[in-house]
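Enquirer: In UniProt numbering, the protein residues as written are 1 to 88.
Idealized CB from N, CA, C, for every residue including glycine.
Here it is, the structure, as structure tokens.
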């Protein structure tokens with residue numbers, strides 16, 4: 001189960017999941033790092049109960065989504081009011 005999320009998100013689970021769903025790069029170090037992340041992800045998933053873990057992942061994903069939505073809304077408001085956005 002891969003979750004496609006923002007890379008800049010601060011929550012660990014979502015970022016690990018996004019790294020899993022990204023295509024594997026050719027350098028050996030990057031592949032090693034991806035394998036390590038995948039192992040850690042599976043270990044954390046086996047430690048917690050399945051339902052609880054799914055809820056946690058969903059929460060992380062929703063926070064990423066709401067951050068992106070907020071950014072889009074801010075840019076849209078700036079375009080409407082013709083003023084620079086307070087994040088740029």
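Enumerate in chain order the residues of its own chain whose CB-to-CB distance from residue 80 is below 8 Å, with the five nearest sequence positions on each side excluded.
Expert: Setting aside the 5 residues that flank it on each side, residue 80 has no residue in the same chain whose C-beta is closer than 8 Å to its C-beta.
Enquirer: Have a look at residue 62 and residue 35 and give me their C-alpha separation to the nearest angstrom.
Expert: Distance from the CA of residue 62 to the CA of residue 35, rounded to the nearest whole angstrom, comes to 25 Å.
Enquirer: Please report how far the alpha carbon of residue 42 lies from the alpha carbon of residue 78, in whole angstroms.
Expert: Taking the straight line from one Cα to the other gives about 42 Å.
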